[in-house]
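**Q** Once you've had a glance at the structure underneath, I'll fire off some questions.
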Amino acid sequence: MRFLALTGGQTALLGLLTAATIIALYFLKLRHRRVFVSSSLLWHRVLDDRQSHSLMEKLRRIISIIIAVTIALLIAISLARPEIEALTGKNERIVIVMDTSPTMGTHTSDGKTRWDHAVAQANSLLTSGGPTTEFRISDSSGRIASSFTTDRNEIRDLLSKMKPVAADPQMPKVDATDSLVYFVSDGVTIPQVPKEVKRISVFEKANNVGITAFELRTRPSIPPVYDAYLEVQNFGGEPVQADITVSGVGGQRISRSLNLAAEESFQETFDLTPFEGGPIRATAESKNDSLPADDIAFAYLPIKRRSRTLLVTKGNTYLQTLLKLDSFVDLTVVDPASFKEGDFDAYVFDRFAPPTVPARPSLIIGAPDAPWLRPGQGVIQKPPITTWSESHPIMQFVSVHDMTIERAVRIDARDLTVVAASNQTPLIVASDRPRWVMLAFDLDSTDFPFHVGFPVFVDNVLAWFSRDQLAIHRVPGTIEVPLQNAQIRSIDNKTIEAQPQLGKTVFEAIEPGLYTATQGDARIRIAVNLSNREFSDVNRSAFRNDAIPVSGQRLLKRELWFYMLFVAIVLIAGEWFTYHKRITL
Amino acid sequence: MSTTSNVTLFDDEFLKKLEYLNIISKRLFAGQLKAERRTRKRGTGLEFADYRAYVSGDDFRHLDWKAYLRLNRLILKLFEEEEDLPIYFFVDVSQSMNYGQPSKLDYAKRVAAALCYIGLANLDRINIIAYADKVRGELPPQRGKGRIFKVFRFLSDVDAGGETNALDSLKTYCTSTRRRGLAVVISDFFDQHGFEPALDILRHFRHDIFVVHIASHEEMDPHLRGELLLVDSESQQSREITITPSLLSAYHAEYNRFCEQLESYCWKYQLGYVRTATDFPFEELVLKVFRQGRFVK
Chain A
1 MRFLALTGGQ TALLGLLTAA TIIALYFLKL RHRRVFVSSS LLWHRVLDDR
51 QSHSLMEKLR RIISIIIAVT IALLIAISLA RPEIEALTGK NERIVIVMDT
101 SPTMGTHTSD GKTRWDHAVA QANSLLTSGG PTTEFRISDS SGRIASSFTT
151 DRNEIRDLLS KMKPVAADPQ MPKVDATDSL VYFVSDGVTI PQVPKEVKRI
201 SVFEKANNVG ITAFELRTRP SIPPVYDAYL EVQNFGGEPV QADITVSGVG
251 GQRISRSLNL AAEESFQETF DLTPFEGGPI RATAESKNDS LPADDIAFAY
301 LPIKRRSRTL LVTKGNTYLQ TLLKLDSFVD LTVVDPASFK EGDFDAYVFD
351 RFAPPTVPAR PSLIIGAPDA PWLRPGQGVI QKPPITTWSE SHPIMQFVSV
401 HDMTIERAVR IDARDLTVVA ASNQTPLIVA SDRPRWVMLA FDLDSTDFPF
451 HVGFPVFVDN VLAWFSRDQL AIHRVPGTIE VPLQNAQIRS IDNKTIEAQP
501 QLGKTVFEAI EPGLYTATQG DARIRIAVNL SNREFSDVNR SAFRNDAIPV
551 SGQRLLKREL WFYMLFVAIV LIAGEWFTYH KRITL
Chain B
586 MSTTSNVTLF DDEFLKKLEY LNIISKRLFA GQLKAERRTR KRGTGLEFAD
636 YRAYVSGDDF RHLDWKAYLR LNRLILKLFE EEEDLPIYFF VDVSQSMNYG
686 QPSKLDYAKR VAAALCYIGL ANLDRINIIA YADKVRGELP PQRGKGRIFK
736 VFRFLSDVDA GGETNALDSL KTYCTSTRRR GLAVVISDFF DQHGFEPALD
786 ILRHFRHDIF VVHIASHEEM DPHLRGELLL VDSESQQSRE ITITPSLLSA
836 YHAEYNRFCE QLESYCWKYQ LGYVRTATDF PFEELVLKVF RQGRFVK
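Chains as they are written, first to last, in my numbering: chain A, 1 to 585; chain B, 586 to 882.
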């Protein structure tokens, strides 16, 4: 026998103290109450006659003491959580790590998924061990982790909340020094585990044709034209026939029927010019496909819409002509003296800025003075462009490395996004709220208007202001959107629960889909696709079983202390009965 | 243990009951009372003691003719030398009698007082001897109803105390008195020496014996339980005892055996016997005694 809550010495001391206390209390209880009787003559006769039963009397007392001490010892020792391996099984600490990577959603030959088999293995582990065995469970996505507990139902509850999602699967750090660690996985995304971790494999070869890449790309033109790049691969061991489809909201459709050999991939770029703006869906269908999650991918084709633009300038032929030639710009030109806010989508201010913050997104050229703009801090002669941001939407397909600027105003870019800068001053800055872009130089002092990228830059700015954007790409799991307090809706316009965090919004997307995050006028579309070779190659596994859990042999389902307390209660009830019957004392 | 206050022991209500008993006794035993118990010694008694009605057999020389002329009734003068059998009331006043609610001693006093009253009303000479370990008190012979208050006073003044030793007490008294009579023993008979030797002494001295056995309900049916230290009220000896249902049953059986032993003894030697509990009305007890026919002859 060993004790889980106290040491053997502590338990022995507790037992001794308990027994001594009970025996002392027992003899105190036996202090007799004085009762006067008229004469003890008859009592003596009766008692003397019973001398022959004195042995019974002594035995009665001894039995009473033994019962009292037994009850007290049962209660006291149960506090020490005793354990007898033959009765309650071995006390162990077991850690179960579940692989929740997307490949665990692969169907197996029995119609279930690898995840279903993994859950069954985990449940089998939970039935092993004794009632004092402690369990801990966590997953490879880092979303769920528990502390050690003997409550198997709590573990089962956490297991039911786990799902095979994407994220970035990793083997969590576990301490195997005093516990058995089991990793239940198909071995695809996490092939290697520490050697002290026991592997339980749920891998089974499967057929899979999956979309490994799907994205819309902008062709550099004015207005922008989009192509859809699609990549599909057969990860199965045999050739398959696959039907590929790219479809849009307006019923537009592009289909391909492919014969893919084992491990063969297919890539094609589709011209989406005929497609209307909105969600674009790509699907790959094949017979006996085992992983549905990578058979579909989403993208978003920006809706083409003309921008009502007001150009405020004293005269800039090049700018006027450029904007007039843009088929997606309805241009109005006014003199700065005549500027009045109106029903426009965007303003372009050429060496002018209104006295108050414009109500519409604005392109400000020349760093003019305005109360709502920080004043310039001098003029820089010939500032070279040393840094620029290629990832900013306004800089897409725009190269400024060879642009020359004669003079530029030194500006304070605090709280602004610096899109291009020299060592001395930012040259192109952008403000998100309110939305505007400012060039710290006017067009007369630069050769930027003569660069190929200038019209693209202007178009990018107008697009950034109000036109639809391409969707950002994410994999299934926990999605972060760079928009604070945004409302998230699915492709079928259902509201998705989201948590605001500092500067962003977070929500869970378990399956591929197209989501929209909206906050005021700002809108971001999110295409959640599996589109990852690593997740689609479901047969890339050399996982083998290290151990198959076996249910421990145990007689008792609960810890020993439970049965001890039960016996104590039964004894108390029995002793109460015998005491009132004057059988015990 | 408790006692009724002496003030209320012999109250007006008690006196009424006594008178009632007296009337009943006269009705029950009219014409039969005196002759059988009293013997007459012919001789001259000079000291006038009392009057009583003339009955057949009396010495007509002692008739009071003046009273006859006056009352037209034959009245007999009684002189001291006349030998009538006295009534001795032996009242156990040991500590064991001071037990119960009401106490056995109070009950015994009432019974003794009632019987004394009947005796006095019948011009019997009564003696009251309070005994425990020895004779604790004695009321000298009394005759006449007017003496009843002396009886009350004596009984009121006597307190419980001491262990029971009826043998020594009665032996001491009987050897000094030597006149036979009716001995009424009122006691609980809890005597370490046994009741037989004491009653044997009375028989030896040729007394007519009437036993009034008094018990309290607490003795007959003790409601005791658990671990007790039983203390004898007389000897103060104590004994540890565990009350169990079987022990209580054994006690009940022993108590009944004790009562049967006493009753059998009385039957055996044709002694008058009546057993009572303290909650039994004393006047009913007295009538019971009358109906036995041994007290008043």
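Every residue gets a Cβ at the ideal spot worked out from N, C-alpha and C, and that includes glycine.
Provide the residue(s) that pair with L813(B) in DSSP beta bridges, ordered along the chain.
**A** In the DSSP output, where bridge partners are listed per residue, L813(B) has R33(A), I826(B).
**Q** Can you round the beta-carbon distance between F739(B) and I714(B) to whole angstroms, since I take them to be within the 8 Å contact cut?
**A** The Cβ separation is near 10 Å, so there is no contact.
**Q** Report the neighbours of L814(B) on chain A: residues whose CB is nearer than 8 Å to its CB, in chain order.
**A** Within 8 Å Cβ-Cβ: H32, R33, R34, V35.
**Q** Please report how far the alpha carbon of M104(A) lies from the alpha carbon of V119(A), in whole angstroms.
**A** Their backbone Cα atoms lie some 11 Å apart in a straight line.
**Q** Evaluate S754(B) with the Cβ neighbour count: other Cβ atoms within 10 Å of its Cβ, from every protein chain shown; 16 or more gives buried, anything less gives exposed.
**A** Classification of S754(B): buried, given that the 10 Å Cβ count is 16 or more.
**Q** Candidates S772(B), H789(B), Y854(B), E845(B): which alpha carbon is nearest S38(A)'s?
**A** Looking at the Cα atoms, S772(B) is the closest of the given residues.
**Q** Against chain A, with Cβ distances strictly below 8 Å, would D718(B) count as a contact?
**A** No, no contact with chain A.
**Q** Nearest by alpha-carbon distance to I491(A): which of F397(A), F3(A), A509(A) is it?
**A** Considering only alpha carbons, the answer is A509(A).
**Q** Once DSSP output is grouped into helix, strand and coil, what is the label at W388(A)?
**A** Three-state DSSP puts W388(A) in a strand.
**Q** Determine the chain A residues that contact F843(B) at a beta-carbon separation under 9 Å, and present them in chain order.
**A** Residues of chain A passing the Cβ test: L41, L42, R45.
**Q** Starting from the C-beta of V398(A), find all residues in its chain whose C-beta is less than 7 Å away, skip the five residues before and the five after it, and write them out in chain order.
**A** Taken in chain order, the residues that qualify are G453, V456, F457, N460.
**Q** Please state the DSSP three-state secondary structure of V418(A).
**A** Strand at V418(A).
**Q** Tell me, please, which residues DSSP counts as bridged to G857(B).
**A** F795(B), per the DSSP bridge assignment.
**Q** From this set, V874(B), V816(B), R732(B), L872(B), which residue's C-alpha is nearest V35(A)'s C-alpha?
**A** For V35(A), the nearest C-alpha among the options comes from V816(B).
**Q** With a cut-off of 8 Å, do at least 3 Cβ pairs link the segment 378-397 of chain A to the segment 463-482 of chain A?
**A** Contact holds: three or more Cβ-Cβ distances are below 8 Å.
**Q** With DSSP as the reference, please indicate the residues paired to T113(A) in a beta bridge.
**A** Note: T113(A) sits in a beta bridge opposite H107(A).
**Q** Considering only residues of the same chain and omitting the five flanking positions on each side of R728(B), which have a CB-CB separation below 8 Å?
**A** Cβ neighbours of R728(B) beyond the five flanking positions: A634, D635, L705, L708, D709, R710, I711.
**Q** Evaluate the contact criterion for the segment 527-540 of chain A versus the segment 224-239 of chain A: three or more CB pairs, one atom per stretch, below 8 Å.
**A** Yes: at least three Cβ pairs fall under 8 Å.
**Q** Could you have a look at H837(B) and say whether DSSP puts it in helix, strand or coil?
**A** DSSP places H837(B) in helix when its eight states are reduced to three.
**Q** Buried or exposed: F867(B), going by 16 or more other Cβ atoms within 10 Å of its Cβ?
**A** With 16 or more Cβ atoms within 10 Å of its Cβ, F867(B) is classed as buried.
**Q** According to DSSP, which residues form a beta bridge with D716(B)?
**A** The residue asked about is misnamed: residue 716(B) is Tyr in this sequence, not Asp. Looking at the DSSP assignment, Y716(B) forms a beta bridge with D677(B), V720(B).
**Q** Cutting at 6 Å between CB atoms, please list the residues of its own chain near P434(A), excluding the five before and the five after it.
**A** Cβ within range, chain order: V357.
**Q** Count the CB pairs spanning the segment 319-339 of chain A and the segment 410-417 of chain A that are closer than 8 Å, and state whether there are at least three.
**A** The segment 319-339 of chain A, when compared against the segment 410-417 of chain A, does not touch it at the 8 Å Cβ threshold.
**Q** Would you call the segment 137-144 of chain A in contact with the segment 89-103 of chain A, where contact means no fewer than 3 C-beta pairs closer than 8 Å?
**A** Yes, the segment 137-144 of chain A is in contact with the segment 89-103 of chain A.
**Q** Is the beta carbon of G342(A) less than 8 Å from the beta carbon of P302(A)?
**A** Against a cut-off of 8 Å, the Cβ pair of P302(A) and G342(A) comes out as no contact.
**Q** Need the endpoints of the alpha helix (DSSP H) that K735(B) sits in, please.
**A** It spans 733-742 - the alpha helix (DSSP H) in which K735(B) sits, taken as one unbroken run.
**Q** By alpha-carbon positions, which one of S124(A), Q121(A), L59(A), T133(A) ends up nearest to R93(A)?
**A** The shortest C-alpha separation from R93(A) is found at T133(A).
**Q** I'd like to know whether the C-beta atoms of T749(B) and E825(B) end up nearer to each other than 8 Å.
**A** No, the Cβ-Cβ distance between T749(B) and E825(B) is not below 8 Å.
**Q** Who are the near neighbours of T629(B) in its chain, counting only those whose CB is closer than 7 Å to its CB and skipping five residues on each side?
**A** Reliability fails at T629(B), whose pLDDT of 47 lies under 50, so the model's placement of it is uncertain and the value that follows must be treated cautiously. Contacts found: none.
**Q** So, with DSSP's three-state summary, where would you put I137(A)?
**A** Of the three classes helix, strand and coil, the one that applies to I137(A) here is strand, per DSSP.
**Q** Tell me which residues of the segment 720-754 of chain B have at least one Cβ-Cβ distance to chain A shorter than 7 Å, keeping chain order.
**A** Listed in sequence order: no entries.
**Q** Applying a beta-carbon distance threshold of less than 7 Å, which residues of chain A neighbour Q777(B)?
**A** The answer, in chain order, is L41.
**Q** If you measure between the beta carbons of H266(A) and K304(A), is that distance less than 8 Å?
**A** Checking the sequence shown, residue 266(A) turns out to be Phe, not His. Not in contact: F266(A) and K304(A) (Cβ atoms no closer than 8 Å).
**Q** Short check: CB of I703(B) to CB of N841(B), under 8 Å?
**A** Against a cut-off of 8 Å, the Cβ pair of N841(B) and I703(B) comes out as no contact.
**Q** Is any beta-carbon of chain A found at less than 8 Å from that of D773(B)?
**A** So, interface residue.
**Q** Quick one: which chain A residues come within Cβ less than 8 Å of L690(B)?
**A** Within chain A, no residue comes near L690(B); the closest Cβ sits about 10 Å away, beyond 8 Å.
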